[in-house]
Structure formats: structure tokens, C-alpha cells
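Notes follow the structure.
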Amino acid sequence: MKKTTKPTYIIFTSIQRIKNCSLYYSYKMNKNGVTGSIKIIYQQLLFIISIPLLLSCGYSDDFDNEEIDRNFSAPDKIIKVNIIYVESLETLGKSSYTLDEVEFINYLNEGYFHRFGIGLELSESKSLINEELYDLRDNTGSEPSTFLMQSRKSYDKSKVNIYIVKRSNIFGIAGIGRDQRVLITDENLFTSTAPHEIGHALGLFHSHEPENIMNTVGKNLRHHFNENQEMKIKKRIDEINLKN
Ligand SMILES: [Zn+2]
């Protein structure tokens, strides 16, 4: 959105400052005579010169904002992403997952991340055979700890790692996110669960702000990070990228 400047306000405050300055130096002049009056003229001239400078600074701000608008699709922070399909020995090789990975990354970027100057970039995709992770039904209530335990050898610390599991093999959980690791059920890939869990994986906690991606409710309304969250994510991305 284009920022509006208020040149009238700047002129008004500058005039006010000149007036205040005049009053102050009138008082000084009575005490200091001619030297004082030269100082008054000098100070007033400085303020008059500063009016167009303040105005041009305002216009410059507008121009910068337009530049940012145009650069939304060219993020300044890039984080690489690995996609890991969780399989069991029985399902491996039977193409049980049918995800269009490019479409998925585009969905995340265009829908949630690019507007904050953050870009996800697909690095590699692979399969992981892990019976316990594939069938989380045996771990009801301890899914997060099971996930962190079972993924510790397969995740890449220099990336965000998205593990995908079958919805039918997990109860009550749409996703888990922590420590650069995300687990998402296949039915929730194209919902706000995906950026929510990625947010956790990049160090964010829950938020109660309406429409915030990190809110636990309003799944269909969640679409933005606040400034503090954006800053945290970018800082975390910098730290992760140092490991590359
Ligand atoms: Zn959460």
C-alpha cells in the first residue's frame, strides 16, 4: 500500500519552529545586540532551507515503498527445503504419495511467505522408511516426541525438513513443527497448517492474534505473520544458512 506523506504538516511544524525560534532570539537580541540579531537571521535561514529538504525526504519514502511492493516475489531471505515422504516397508515403491512438489512450494511462497520477503526453495525430496513414524497410531499423545526421536538421523540441519505422512495413519494431529523439522499429514499440505508448522520449525510460538498464521484456531483465516515473527524467522534463516 502506498504510504501518504503529509507535506502540509511538515510545513506547519517548520513554520511553528521558525516562530518559536524568532520569539526566543528576540529575547536574546535584547541582551546581545547586533551579534544576537545575526544569529537569528542565520538560524531562520537554516529552517527555511530545511523545508524543501524535509519535503523531498517525504517523497523519497514514497518511492522506496513502491520499490518494496514490486519486489514481493523476489524475497531477500531464502531457506532451502527438503521434502521427506515417510514410508513403511510395505508401501515403499507403490507411489502412495502424489504430491506435486513445485505446486506445493509455490502455494507456500505465493500464499504465505513471499509477502514477508521470505522464499522457500526446494532442495531435494526423498523417502524415509520408518515404521514407527509411518504409523503414529501407536503413539497417541506422544506424537511430537516420537517424531523428533524418529527423525533425528534423517533431517538436514542446514534446511527446513518437511516430513509427509498419511492422514489415515495419524489421529488428531494435522502437523508438528520444531527444530527445523515439520511433520504434515498429506491432507493438510495445502492448508494453513503447512506455514503454521514451518513457523514452529523456524522458532515461532503460538499467537492469539486473529488471522495470525501461528494462531491455533481459525484455520481458514490464518494468513499473516506480525513484524516480530517476521524478524524472528529471518534471523533464524540467517542462522540456518550459516550451516550451509
Ligand atoms: Zn502450533
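3 is the number of the first residue of the sequence shown in our numbering; add one for each residue after it.
For each residue, glycine too, the CB sits at the ideal point set by N, CA and C.
When DSSP states are grouped into helix, strand and coil, residue 128 belongs to the strand group. Counting along the chain, the unbroken beta strand (DSSP E) around residue 87 starts and ends at 79 to 89. Between ligand 1 and the CB of residue 100, the shortest heavy atom gap is not smaller than 8 Å. For residue 174, the Cβ stays outside the 8 Å cut-off from all heavy atoms of ligand 1. DSSP, read as helix, strand or coil, puts residue 154 in coil. Excluding the 5 residues flanking it on each side, residue 134 has same chain C-beta neighbours closer than 8 Å at 140, 141, 148 and 152, in chain order.
Distance between residue 217 and residue 93, taken at the CA atoms: about 34 Å.
Bridge partners of residue 165 according to DSSP: 86 and 185. Distances from the CB of residue 187 to the heavy atoms of ligand 1 are all 8 Å or more.
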